[in-house]
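Enquirer:
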Amino acid sequence: RGGVDMGDHPPITPCRAHSGELSGDMSRLYDLVTRHFIASVSQDAVWTSTKVDLQIDVLEEQGKGQGSFSLAGKELKEAGWLAVVMHKQYGDKEEGDELEDEEEKALPEFVQGELIPLFSASSQSSSSGVNVAPSSASYASLDVKERMTTPPGYLTESELIGKMEVHGIGTDASIATHIENIQKRNYVELASGRRLIPSKLGLVLASGYHLIDTSLVLPQVRADIEDQCNKIAKGLADKEAVLNRAIDTFAAKFENFVTNITKMDVLFGSSFAKLQDVGKPFTRCGLTRRYLQYITGPPPRLYNKFTEQVYPLPAGGLIKQATGQKCPVKGCNFELCLYQVGQPTRTFPLCPYCFNNPKPEWGKPPGQDDED
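According to my numbering, the sequence shown is numbered sequentially starting from 577.
Here you go:
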(Lines of atoms letter the chains of each structure in order from A; the text may use other names.)
(Lines give C-alpha, C1' and ligand atoms only; values in the text may rest on other atoms or scores of the structure.)
Protein backbone atom coordinates (compact mmCIF):
# COMPACT_ATOMS: atom_id res chain seq x y z
CA ARG A 577 0.00 0.00 0.00
CA GLY A 578 2.69 2.50 -0.97
CA GLY A 579 5.83 3.53 0.87
CA VAL A 580 9.44 2.79 0.01
CA ASP A 581 11.18 -0.50 0.74
CA MET A 582 14.54 0.56 2.19
CA GLY A 583 15.65 -3.06 2.36
CA ASP A 584 16.82 -2.91 5.97
CA HIS A 585 14.06 -4.47 8.09
CA PRO A 586 10.30 -5.12 7.99
CA PRO A 587 7.84 -2.85 9.83
CA ILE A 588 6.85 -3.53 13.42
CA THR A 589 4.05 -6.09 13.21
CA PRO A 590 1.78 -7.25 16.08
CA CYS A 591 1.92 -11.05 16.41
CA ARG A 592 -0.88 -11.77 18.84
CA ALA A 593 -3.52 -10.14 21.01
CA HIS A 594 -2.62 -9.57 24.62
CA SER A 595 -5.02 -10.93 27.24
CA GLY A 596 -4.63 -8.34 29.96
CA GLU A 597 -0.99 -8.99 30.85
CA LEU A 598 0.05 -5.53 29.67
CA SER A 599 -0.69 -2.32 31.56
CA GLY A 600 0.24 1.35 31.65
CA ASP A 601 2.67 2.56 28.98
CA MET A 602 3.21 -0.98 27.65
CA SER A 603 -0.51 -1.35 26.96
CA ARG A 604 -0.75 2.07 25.31
CA LEU A 605 2.28 1.34 23.14
CA TYR A 606 0.83 -2.02 22.08
CA ASP A 607 -2.48 -0.31 21.28
CA LEU A 608 -0.71 2.33 19.16
CA VAL A 609 1.30 -0.23 17.18
CA THR A 610 -1.69 -2.52 16.65
CA ARG A 611 -4.06 0.24 15.55
CA HIS A 612 -1.47 1.67 13.16
CA PHE A 613 -0.87 -1.77 11.65
CA ILE A 614 -4.58 -2.48 11.17
CA ALA A 615 -5.11 1.02 9.73
CA SER A 616 -2.30 0.47 7.20
CA VAL A 617 -4.17 -2.50 5.69
CA SER A 618 -7.66 -0.98 5.98
CA GLN A 619 -9.72 0.70 3.28
CA ASP A 620 -9.18 4.34 2.37
CA ALA A 621 -11.28 7.01 4.03
CA VAL A 622 -13.67 8.62 1.55
CA TRP A 623 -14.59 12.30 1.71
CA THR A 624 -16.96 14.33 -0.40
CA SER A 625 -15.51 17.78 -1.06
CA THR A 626 -17.68 20.61 -2.33
CA LYS A 627 -16.58 24.01 -3.57
CA VAL A 628 -19.05 26.78 -4.47
CA ASP A 629 -18.04 29.95 -6.34
CA LEU A 630 -20.08 33.03 -5.45
CA GLN A 631 -20.28 36.41 -7.21
CA ILE A 632 -21.41 39.45 -5.21
CA ASP A 633 -22.32 42.11 -7.76
CA VAL A 634 -22.94 44.91 -5.26
CA LEU A 635 -19.26 45.05 -4.23
CA GLU A 636 -18.09 45.59 -7.79
CA GLU A 637 -20.82 48.15 -8.40
CA GLN A 638 -19.71 50.15 -5.35
CA GLY A 639 -16.04 49.95 -6.36
CA LYS A 640 -15.02 47.91 -3.32
CA GLY A 641 -12.94 45.38 -5.20
CA GLN A 642 -13.72 42.09 -6.85
CA GLY A 643 -16.86 40.33 -5.75
CA SER A 644 -15.67 36.75 -6.40
CA PHE A 645 -15.65 34.44 -3.38
CA SER A 646 -15.57 30.71 -2.79
CA LEU A 647 -16.99 28.42 -0.14
CA ALA A 648 -15.57 24.95 0.53
CA GLY A 649 -16.55 22.09 2.80
CA LYS A 650 -16.22 18.33 3.09
CA GLU A 651 -18.19 15.44 4.58
CA LEU A 652 -16.96 12.02 5.63
CA LYS A 653 -18.74 9.31 3.63
CA GLU A 654 -16.73 6.19 4.52
CA ALA A 655 -14.54 6.21 7.62
CA GLY A 656 -12.20 3.45 6.36
CA TRP A 657 -8.95 3.44 8.33
CA LEU A 658 -10.06 6.49 10.33
CA ALA A 659 -12.42 4.16 12.22
CA VAL A 660 -9.39 2.27 13.52
CA VAL A 661 -7.19 5.12 14.75
CA MET A 662 -8.44 7.19 17.66
CA HIS A 663 -7.39 10.59 16.39
CA LYS A 664 -8.20 12.79 13.41
CA GLN A 665 -5.44 12.32 10.89
CA TYR A 666 -6.36 12.90 7.28
CA GLY A 667 -2.98 12.31 5.69
CA ASP A 668 -0.66 14.71 3.90
CA LYS A 669 -2.07 17.39 1.68
CA GLU A 670 -1.27 16.94 -1.95
CA GLU A 671 0.70 19.67 -3.72
CA GLY A 672 -1.55 22.08 -5.57
CA ASP A 673 -4.56 21.24 -3.40
CA GLU A 674 -7.03 24.03 -4.10
CA LEU A 675 -9.27 23.11 -1.17
CA GLU A 676 -6.74 23.84 1.57
CA ASP A 677 -9.25 26.08 3.42
CA GLU A 678 -12.11 23.60 3.39
CA GLU A 679 -13.66 22.74 6.74
CA GLU A 680 -15.38 19.56 7.84
CA LYS A 681 -18.95 20.72 7.41
CA ALA A 682 -22.01 20.20 5.22
CA LEU A 683 -22.82 22.99 2.74
CA PRO A 684 -26.35 24.10 1.83
CA GLU A 685 -27.80 22.97 -1.47
CA PHE A 686 -26.97 25.35 -4.30
CA VAL A 687 -28.13 25.50 -7.91
CA GLN A 688 -25.79 26.72 -10.62
CA GLY A 689 -26.76 30.26 -11.66
CA GLU A 690 -28.97 30.72 -8.60
CA LEU A 691 -29.49 34.31 -7.42
CA ILE A 692 -29.49 34.84 -3.64
CA PRO A 693 -30.46 38.28 -2.22
CA LEU A 694 -27.93 39.71 0.25
CA PHE A 695 -29.46 40.85 3.53
CA SER A 696 -27.90 44.21 4.52
CA ALA A 697 -30.37 46.01 6.74
CA SER A 698 -28.39 48.68 8.60
CA SER A 699 -30.68 48.44 11.58
CA GLN A 700 -29.45 44.91 12.33
CA SER A 701 -25.77 45.46 11.51
CA SER A 702 -23.25 44.93 14.27
CA SER A 703 -20.38 47.33 14.98
CA SER A 704 -17.99 44.94 13.24
CA GLY A 705 -19.87 45.26 9.98
CA VAL A 706 -21.24 41.72 10.01
CA ASN A 707 -24.90 41.52 9.05
CA VAL A 708 -27.40 39.15 10.58
CA ALA A 709 -29.53 37.19 8.14
CA PRO A 710 -33.25 36.83 8.70
CA SER A 711 -34.84 33.46 9.24
CA SER A 712 -35.88 33.15 5.59
CA ALA A 713 -33.69 30.71 3.65
CA SER A 714 -33.92 32.91 0.56
CA TYR A 715 -31.49 35.49 1.96
CA ALA A 716 -27.77 35.41 2.73
CA SER A 717 -25.53 37.41 5.07
CA LEU A 718 -21.98 38.60 4.48
CA ASP A 719 -19.27 37.75 7.00
CA VAL A 720 -15.76 39.21 6.79
CA LYS A 721 -12.64 37.40 7.99
CA GLU A 722 -9.26 39.09 8.18
CA ARG A 723 -6.19 36.89 7.70
CA MET A 724 -2.48 37.40 7.19
CA THR A 725 0.01 35.23 5.38
CA THR A 726 2.48 33.38 7.58
CA PRO A 727 5.86 31.86 6.69
CA PRO A 728 6.23 28.08 6.78
CA GLY A 729 7.21 26.64 10.14
CA TYR A 730 10.48 24.93 10.99
CA LEU A 731 10.84 21.30 9.99
CA THR A 732 10.13 18.66 12.59
CA GLU A 733 12.34 15.59 12.87
CA SER A 734 9.73 13.47 11.10
CA GLU A 735 9.39 16.01 8.27
CA LEU A 736 13.16 16.12 7.84
CA ILE A 737 13.30 12.33 7.72
CA GLY A 738 10.62 12.37 5.04
CA LYS A 739 12.60 14.83 2.90
CA MET A 740 15.79 12.80 3.35
CA GLU A 741 13.95 9.71 2.14
CA VAL A 742 12.58 11.60 -0.87
CA HIS A 743 16.10 12.69 -1.87
CA GLY A 744 17.59 9.25 -1.19
CA ILE A 745 19.86 10.41 1.64
CA GLY A 746 20.73 7.81 4.28
CA THR A 747 18.93 4.70 5.45
CA ASP A 748 16.66 4.00 8.39
CA ALA A 749 19.80 3.03 10.32
CA SER A 750 21.84 6.15 9.49
CA ILE A 751 19.26 8.96 9.26
CA ALA A 752 18.94 9.24 13.05
CA THR A 753 22.75 9.59 13.32
CA HIS A 754 22.78 12.40 10.75
CA ILE A 755 20.15 14.34 12.70
CA GLU A 756 22.00 13.74 15.97
CA ASN A 757 25.26 14.99 14.45
CA ILE A 758 23.86 18.34 13.29
CA GLN A 759 22.60 18.90 16.85
CA LYS A 760 25.93 17.96 18.44
CA ARG A 761 27.76 20.34 16.11
CA ASN A 762 25.39 23.20 17.02
CA TYR A 763 24.06 23.54 13.47
CA VAL A 764 20.46 23.23 14.73
CA GLU A 765 18.63 23.32 18.04
CA LEU A 766 15.81 20.96 19.01
CA ALA A 767 12.81 23.03 20.14
CA SER A 768 9.37 22.14 21.45
CA GLY A 769 7.31 19.97 19.16
CA ARG A 770 10.51 18.23 18.01
CA ARG A 771 11.17 21.11 15.61
CA LEU A 772 14.71 21.72 14.38
CA ILE A 773 15.66 25.41 14.43
CA PRO A 774 18.83 26.36 12.49
CA SER A 775 21.42 28.05 14.69
CA LYS A 776 23.37 31.12 13.65
CA LEU A 777 26.38 28.89 13.06
CA GLY A 778 24.38 26.54 10.83
CA LEU A 779 22.90 29.38 8.78
CA VAL A 780 26.26 31.07 8.24
CA LEU A 781 27.95 27.79 7.36
CA ALA A 782 25.24 26.91 4.83
CA SER A 783 25.43 30.42 3.33
CA GLY A 784 29.20 30.09 3.02
CA TYR A 785 28.90 26.78 1.20
CA HIS A 786 26.35 28.33 -1.14
CA LEU A 787 28.77 31.14 -1.94
CA ILE A 788 31.59 28.73 -2.80
CA ASP A 789 29.85 25.61 -4.16
CA THR A 790 26.09 25.21 -3.98
CA SER A 791 26.30 21.46 -4.57
CA LEU A 792 27.95 21.07 -1.14
CA VAL A 793 24.67 22.16 0.47
CA LEU A 794 22.02 20.75 -1.85
CA PRO A 795 21.17 17.05 -1.50
CA GLN A 796 21.89 15.96 -5.08
CA VAL A 797 25.57 15.02 -4.63
CA ARG A 798 24.93 12.93 -1.53
CA ALA A 799 21.90 11.31 -3.17
CA ASP A 800 23.98 10.40 -6.23
CA ILE A 801 26.61 8.73 -4.04
CA GLU A 802 23.92 6.74 -2.21
CA ASP A 803 22.41 5.72 -5.55
CA GLN A 804 25.77 4.54 -6.89
CA CYS A 805 26.39 2.50 -3.73
CA ASN A 806 23.01 0.82 -4.17
CA LYS A 807 23.90 0.01 -7.78
CA ILE A 808 27.19 -1.56 -6.61
CA ALA A 809 25.25 -3.72 -4.15
CA LYS A 810 22.93 -4.86 -6.93
CA GLY A 811 25.79 -5.54 -9.35
CA LEU A 812 24.77 -2.71 -11.68
CA ALA A 813 27.94 -0.62 -11.22
CA ASP A 814 31.64 -1.27 -10.78
CA LYS A 815 33.04 -0.39 -7.37
CA GLU A 816 36.40 0.92 -8.61
CA ALA A 817 34.79 3.07 -11.28
CA VAL A 818 32.36 4.60 -8.78
CA LEU A 819 35.14 5.14 -6.22
CA ASN A 820 37.49 6.82 -8.70
CA ARG A 821 34.74 9.07 -10.03
CA ALA A 822 33.77 10.11 -6.49
CA ILE A 823 37.41 10.84 -5.55
CA ASP A 824 37.90 12.95 -8.68
CA THR A 825 34.68 14.86 -8.01
CA PHE A 826 35.46 15.67 -4.38
CA ALA A 827 39.12 16.43 -5.10
CA ALA A 828 38.00 19.09 -7.57
CA LYS A 829 35.48 20.45 -5.06
CA PHE A 830 38.16 20.54 -2.35
CA GLU A 831 40.58 22.50 -4.54
CA ASN A 832 37.83 24.96 -5.45
CA PHE A 833 36.85 25.33 -1.80
CA VAL A 834 40.44 26.02 -0.68
CA THR A 835 40.86 28.58 -3.44
CA ASN A 836 37.74 30.47 -2.35
CA ILE A 837 37.99 29.95 1.43
CA THR A 838 38.32 33.70 1.97
CA LYS A 839 34.62 34.03 1.14
CA MET A 840 33.83 31.83 4.14
CA ASP A 841 36.22 33.77 6.40
CA VAL A 842 34.60 37.07 5.48
CA LEU A 843 31.12 35.66 6.08
CA PHE A 844 32.01 34.30 9.51
CA GLY A 845 33.87 37.47 10.43
CA SER A 846 30.86 39.62 9.64
CA SER A 847 28.32 37.29 11.27
CA PHE A 848 30.11 36.33 14.49
CA ALA A 849 31.47 39.03 16.72
CA LYS A 850 32.75 36.44 19.18
CA LEU A 851 33.08 32.70 19.41
CA GLN A 852 30.91 32.42 22.51
CA ASP A 853 27.89 32.14 20.21
CA VAL A 854 28.77 28.46 19.64
CA GLY A 855 30.15 27.53 23.07
CA LYS A 856 28.95 27.06 26.63
CA PRO A 857 30.47 28.00 30.02
CA PHE A 858 32.73 25.18 31.18
CA THR A 859 35.66 25.94 33.54
CA ARG A 860 37.18 29.09 35.01
CA CYS A 861 40.25 30.78 33.57
CA GLY A 862 43.16 31.09 36.01
CA LEU A 863 44.12 34.50 34.65
CA THR A 864 40.78 36.31 34.51
CA ARG A 865 38.58 34.09 36.73
CA ARG A 866 36.02 34.22 33.93
CA TYR A 867 34.34 31.12 32.57
CA LEU A 868 35.89 29.59 29.48
CA GLN A 869 33.52 28.52 26.71
CA TYR A 870 33.74 24.85 25.67
CA ILE A 871 33.54 24.38 21.91
CA THR A 872 33.19 20.73 20.95
CA GLY A 873 34.83 21.29 17.58
CA PRO A 874 36.46 19.57 15.90
CA PRO A 875 38.95 20.45 17.19
CA PRO A 876 37.76 20.64 20.83
CA ARG A 877 38.87 23.81 22.58
CA LEU A 878 38.18 26.28 25.37
CA TYR A 879 37.68 29.93 24.52
CA ASN A 880 37.89 33.05 26.67
CA LYS A 881 35.42 35.52 25.19
CA PHE A 882 36.92 38.36 27.21
CA THR A 883 40.55 37.97 26.12
CA GLU A 884 39.99 36.17 22.77
CA GLN A 885 42.35 33.42 23.98
CA VAL A 886 41.84 29.87 22.68
CA TYR A 887 43.08 26.74 24.51
CA PRO A 888 43.08 23.64 22.26
CA LEU A 889 42.26 20.35 24.02
CA PRO A 890 43.38 16.78 23.21
CA ALA A 891 41.29 14.99 20.61
CA GLY A 892 40.20 11.37 20.55
CA GLY A 893 38.58 11.33 23.97
CA LEU A 894 35.78 12.85 26.02
CA ILE A 895 36.10 16.18 27.85
CA LYS A 896 34.02 16.59 31.01
CA GLN A 897 33.68 19.15 33.76
CA ALA A 898 35.42 18.49 37.08
CA THR A 899 34.27 19.63 40.52
CA GLY A 900 35.97 23.04 40.47
CA GLN A 901 39.38 21.72 41.58
CA LYS A 902 42.29 23.95 40.60
CA CYS A 903 45.53 22.94 38.89
CA PRO A 904 48.22 22.09 41.52
CA VAL A 905 50.99 23.79 39.50
CA LYS A 906 52.19 26.88 41.35
CA GLY A 907 50.81 30.10 39.89
CA CYS A 908 48.43 28.39 37.43
CA ASN A 909 45.02 28.63 39.16
CA PHE A 910 43.15 27.23 36.13
CA GLU A 911 40.25 24.93 36.93
CA LEU A 912 40.82 21.35 35.91
CA CYS A 913 38.60 19.39 33.53
CA LEU A 914 38.53 15.63 33.01
CA TYR A 915 39.82 13.77 29.97
CA GLN A 916 38.38 10.29 29.44
CA VAL A 917 39.87 7.92 26.88
CA GLY A 918 40.43 4.22 26.14
CA GLN A 919 38.53 1.00 26.61
CA PRO A 920 38.05 0.40 29.47
CA THR A 921 37.70 4.10 30.09
CA ARG A 922 40.49 5.86 31.96
CA THR A 923 40.06 9.35 33.40
CA PHE A 924 42.85 11.93 33.70
CA PRO A 925 42.81 15.45 35.18
CA LEU A 926 43.53 18.04 32.51
CA CYS A 927 44.64 21.64 32.88
CA PRO A 928 43.94 23.57 29.65
CA TYR A 929 46.74 26.07 30.36
CA CYS A 930 49.45 23.55 31.23
CA PHE A 931 48.45 21.36 28.29
CA ASN A 932 49.20 24.24 25.93
CA ASN A 933 52.15 25.67 27.90
CA PRO A 934 54.21 22.71 29.20
CA LYS A 935 57.34 23.43 31.22
CA PRO A 936 60.71 22.09 29.97
CA GLU A 937 61.26 20.02 33.11
CA TRP A 938 58.12 18.00 32.34
CA GLY A 939 59.74 16.53 29.25
CA LYS A 940 58.20 16.14 25.81
CA PRO A 941 54.44 15.70 25.58
CA PRO A 942 53.21 12.11 25.01
CA GLY A 943 53.17 11.12 21.33
CA GLN A 944 55.82 13.64 20.27
CA ASP A 945 58.55 12.07 18.13
CA ASP A 946 61.95 11.77 19.77
CA GLU A 947 63.84 13.54 17.03
CA ASP A 948 66.59 16.17 17.01
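The C-beta atom is built at its ideal place from N, Cα and C for all residues, glycine as well. On a predicted model such as this, the values are computed, not experimentally measured, just so you know.
Quick one: Cα of residue 1019 to Cα of residue 935, how far?
Expert: One cannot answer for residue 1019 here, as it falls past the ends of the chain, which runs 577 to 948.
Enquirer: If I follow the unbroken beta strand (DSSP E) through residue 717, where does it start and stop?
Expert: In the sequence shown, residue 717 corresponds to position 141, counting from 1. Unbroken run through residue 717: none, as it is neither H nor E.
Enquirer: Inspect the beta-carbon positions of residue 593 and residue 626 and report whether they are closer than 8 angstroms.
Expert: Here residue 593 is taken as the residue at index 17 of the sequence shown, counted from 1. Here residue 626 is taken as the residue at index 50 of the sequence shown, counted from 1. Cβ atoms of residue 593 and residue 626: not closer than 8 angstroms.
Enquirer: Tell me whether the beta-carbon of residue 754 lies closer than 8 angstroms to the beta-carbon of residue 746.
Expert: Sequence index remark: in the sequence shown, residue 754 carries index 178 (1-based). Sequence index remark: in the sequence shown, residue 746 carries index 170 (1-based). Yes; because the gap between Cβ atoms is below 8 angstroms, this pair is in contact.
Enquirer: Which residues in the same chain as residue 791 place their Cβ atom closer than 7 angstroms to its Cβ, once the five residues preceding and following it in sequence are excluded?
Expert: Counting from 1 along the sequence shown, the entry for residue 791 is found at position 215. Here the set comprises 797.
Enquirer: Since residue 660 contacts residue 614 with CB under 8 angstroms, what's their CB separation in whole angstroms?
Expert: The residue you call residue 660 lines up with position 84 of the sequence shown. The residue you call residue 614 lines up with position 38 of the sequence shown. Contact holds; Cβ gap of about 5 angstroms.
Enquirer: For residue 804, count neighbouring C-beta atoms within 10 Å of its own C-beta (all shown protein chains included) and say buried if the count is 16 or more, exposed if not.
Expert: Residue mapping note: residue 804 aligns to position 228 of the sequence shown, counting from 1. When all chains shown are included, residue 804 counts as buried.
Enquirer: Do you know offhand how far residue 767's Cα is from residue 781's?
Expert: Here residue 767 corresponds to residue number 191 of the sequence shown, with the count starting at 1. Here residue 781 corresponds to residue number 205 of the sequence shown, with the count starting at 1. Cα to Cα, residue 767 sits roughly 20 angstroms from residue 781.
Enquirer: I believe residue 879 touches residue 889 by the beta-carbon criterion, under 8 angstroms. Please report the beta-carbon distance rounded to the nearest angstrom.
Expert: Your numbering for residue 879 matches position 303 in the sequence shown. Your numbering for residue 889 matches position 313 in the sequence shown. The Cβ separation is near 11 angstroms, so there is no contact.
Enquirer: Identify every residue that forms a DSSP beta bridge with residue 623.
Expert: Taking the sequence shown and counting its residues from 1, one reaches residue 623 at position 47. Paired residues: 652.
Enquirer: Would the beta-carbon of residue 887 fall within 8 angstroms of that of residue 932?
Expert: Here residue 887 refers to the residue found at position 311 of the sequence shown. Here residue 932 refers to the residue found at position 356 of the sequence shown. Closer than 8 angstroms, so yes.
Enquirer: Taking the beta strand (DSSP E) that residue 900 belongs to, which residues open and close that run?
Expert: Numbered from 1 along the sequence shown, position 324 holds the residue referred to as residue 900. Per DSSP, residue 900 belongs to the beta strand (DSSP E) from 894-902.
Enquirer: Along the alpha helix (DSSP H) that carries residue 766, what are the first and last residues, could you check?
Expert: Here residue 766 refers to the residue found at position 190 when the sequence shown is read from its first residue. Run containing residue 766: none in the alpha helix (DSSP H); it sits in the beta strand (DSSP E), 764-767.
Enquirer: With three or more C-beta pairs closer than 8 angstroms as the rule, is the segment 823-842 touching the segment 894-912?
Expert: Taking 8 angstroms as the limit for Cβ pairs, the verdict is that the segment 823-842 does not touch the segment 894-912.
Enquirer: In this structure, does DSSP put residue 876 in helix, strand or coil?
Expert: For the purposes of this step, residue 876 is taken as the residue at position 300 of the sequence shown. The answer is coil: DSSP assigns residue 876 none of H, G, I, E or B.
Enquirer: Exposed or buried, residue 866, counting other C-beta atoms within 10 Å across all chains shown (16 or more means buried)?
Expert: Here residue 866 corresponds to residue number 290 of the sequence shown, with the count starting at 1. Per the 10 Å Cβ criterion, exposed.
Enquirer: Do you know offhand how far residue 811's Cα is from residue 750's?
Expert: As a working mapping, residue 811 is identified with position 235 in the sequence shown. As a working mapping, residue 750 is identified with position 174 in the sequence shown. Taking the straight line from one Cα to the other gives about 23 angstroms.
Enquirer: Any idea if residue 608 is buried or exposed, counting beta-carbon neighbours within 10 angstroms, 16 or more meaning buried?
Expert: Translated into the one-based positions of the sequence shown, residue 608 becomes position 32. The residue in question, residue 608, is exposed, as its Cβ has fewer than 16 Cβ neighbours within 10 Å.
Enquirer: Which same chain residues, not among the five before or five after residue 590, have their C-beta less than 7 angstroms away from its C-beta?
Expert: By 1-based counting over the sequence shown, the position of residue 590 is 14. Taken in chain order, the residues that qualify are 609, 610, 613.
Enquirer: Since residue 821 is in the alpha helix (DSSP H), which residue starts that stretch and which ends it?
Expert: Here residue 821 refers to the residue found at position 245 of the sequence shown. Note, residue 821: alpha helix (DSSP H), 815-835.
Enquirer: Just checking my contact of residue 762 with residue 775 at CB under 8 angstroms: how many whole Å lie between their CB atoms?
Expert: Translated into the one-based positions of the sequence shown, residue 762 becomes position 186. Translated into the one-based positions of the sequence shown, residue 775 becomes position 199. Indeed, because the Cβ distance is near 5 angstroms, the residues count as touching under 8 angstroms.
Enquirer: Terminal residues of the continuous beta strand (DSSP E) containing residue 774?
Expert: The residue you call residue 774 lines up with position 198 of the sequence shown. Taken as a continuous stretch (DSSP letters only), the beta strand (DSSP E) holding residue 774 covers 771-774.
Enquirer: Of the residues 728, 738, 840, which one's Cα is nearest the Cα of residue 777?
Expert: Here residue 777 is taken as the residue at index 201 of the sequence shown, counted from 1. Out of 728, 738, 840, 840 has the C-alpha closest to the C-alpha of residue 777.
Enquirer: Starting from residue 686, trace the alpha helix (DSSP H) both ways and give me its first and last residue.
Expert: Position 110 of the sequence shown, counted from the first residue, corresponds to residue 686. That residue, residue 686, is in no alpha helix (DSSP H); it is neither H nor E in DSSP.
Enquirer: Quick one: residues in its chain with C-beta nearer than 7 angstroms to the C-beta of residue 877, no 5 flanking neighbours on either side, listed in chain order?
Expert: The residue given as residue 877 occupies position 301 in the sequence shown. 871, 886, 887, 888, 889, listed in sequence order.
Enquirer: If you run the structure through DSSP and keep just helix, strand and coil, what is residue 606?
Expert: For the purposes of this step, residue 606 is taken as the residue at position 30 of the sequence shown. In this structure, residue 606 counts as helix in the three-state DSSP scheme.
Enquirer: What number of angstroms, rounded off, separates the C-alpha of residue 808 from the C-alpha of residue 645?
Expert: One-based indexing of the sequence shown puts residue 808 at position 232. One-based indexing of the sequence shown puts residue 645 at position 69. Distance between the alpha carbons of residue 808 and residue 645: 56 angstroms.
Enquirer: Any idea which residues DSSP pairs residue 917 with across the strands?
Expert: The residue given as residue 917 occupies position 341 in the sequence shown. In DSSP, residue 917 forms a bridge with 922.
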